[in-house]
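One structure is given below, encoded as C-alpha cells.
Numbering (our numbering), first residue to last: -13 to 321.
See below:
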C-alpha cells in the first residue's frame, strides 16, 4: 500500500527524531563520562601482603608476596577489571604453608598501565620476570596456577622455560572450545585487524570503556563468569570498580577485546608442555567451552577435573578445590 504524500511527509519528522535518539543517548553518556565518571581512583591493595615493584622485561610490575615454604605463583585472568583479587582465596589459603606470589599482569592492578603493545609476549615476559624474582629467594622450581586467559600466558612461559616449573595449573583456561584449533605461527594472535585502533579513537574511547566498566556492566559480566547472580563474590565486585577506574585503565582491556592477547598458536603451546599440568574448570562459566580436550587429554602429564561452578572454581568450592589441588601437587611430587 502506498501512503499519500501528506501522510509520508508527516512521518518524516518522527522517523528523524527516532533516528536521532541513539546519537542523543551516546552524546549524553559521553558528557556523563567526562563530568561524572571518576578516572583517577586509587584502589586499596587487592591482598594484605608485602608489595614489590619489579622493573625488568615487562616494565613495572606489582607482585604481592607472603608466607614461607615452597614457592607458589598465582596469576589472574584478563578482563575490564582484572587484578590479583581474582586469586585472593588461594593466596589467603596457601600463605600459611607456602611462599606465595601473586602477580598483577601488565595493564592491570598496580602494574604499569598505559597505551603500549599488549601481546602474549609481554604477558609471558611478566611471568618470567616474577620467576626471576622468585629465583633470587628460592632456587627450586615453582608451582604456578593461572586463571582463564592468564593460563595461556603461564603455559607460554612454561613451554619456554620448563626447568623453572615444578607444575602448572590452568583454571578454566581459554583455547579449548569445540571445533577450535589454534596452530598459527609462533607468537601470532587472534587479533581482529585494526579493531584496537577503532576502540582507541579519542572521540569515543573513554566513554565506551566507561560503559564496559560501569557498575551494572561489571555485575553482568561477573554473573556470566560465575554462572549465576547468586554465585557472584561481592568482595570481588566491589574491588572491580576502583581498579578499573584508574588512569590508563582502558588500554589493556581494549587489547583483550580486540583479540590481541589470545594466542593463535596456543594449541602448539599447550601440546609442548612437559611439566605436570592440571586443568580444572567450572562448567557453568558462560565464556569458555571444554567440549574438546582431544589434543591434550591423552597426554600422560595432563590431568583434568570438572567442577559444578563458574570459572572461578575456588571462590565457590574452596575446600574441594584446594583438596584436589593438593592431591595433584602430591602426585606431581610438588609437596
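No residue lacks a Cβ here, since even glycine has one placed at the ideal position from N, Cα and C.
Under DSSP, the beta-bridge partners assigned to residue 48 are 39, 90. Residue range 304 to 317 is occupied by the alpha helix (DSSP H) that includes residue 311. Put simply, of 242, 286, 76, 33 the residue whose alpha carbon is nearest the alpha carbon of residue 92 is 242. Assignment of residue 149 by DSSP, reduced to helix, strand and coil, places it in the helix class. Residue 117 and residue 182 have their C-alpha atoms spaced approximately 30 Å apart.
Only buried fits residue 110, as 16 or more other CB atoms lie within 10 angstroms of its CB.
Its chain contains 211, 212, 213, 217, 268, 270, 271, 302 as the residues whose beta carbon lies nearer than 7 Å to that of residue 296, once the 5 sequence neighbours on both sides are disregarded; these appear in chain order. With fewer than 16 other Cβ atoms inside 10 Å of its own Cβ, residue 180 counts as exposed. One Cα belongs to residue 84, the other to residue 52, and the distance between them is close to 8 Å. Taking a C-beta distance under 8 Å as the contact criterion, residue 159 and residue 137 qualify as a contact pair. In this structure, the alpha-carbon of residue 144 lies about 44 Å from that of residue 22.
Restricting attention to 134, 169, 266, 314, the CA atom closest to the CA of residue 72 is found in 134.
The alpha carbon of residue 184 has as its nearest neighbour, out of 195, 68, 54, the alpha carbon of 195.
Annotated three-state conformation of residue 141 is helix, per DSSP. The DSSP-derived three-state label of residue 242 is helix.
Of all C-beta pairs linking the segment 150 to 170 to the segment 251 to 259, three or more are shorter than 8 Å, placing the two stretches in contact. By the beta-carbon neighbour count (other beta carbons within 10 angstroms, threshold 16), residue 119 is buried.
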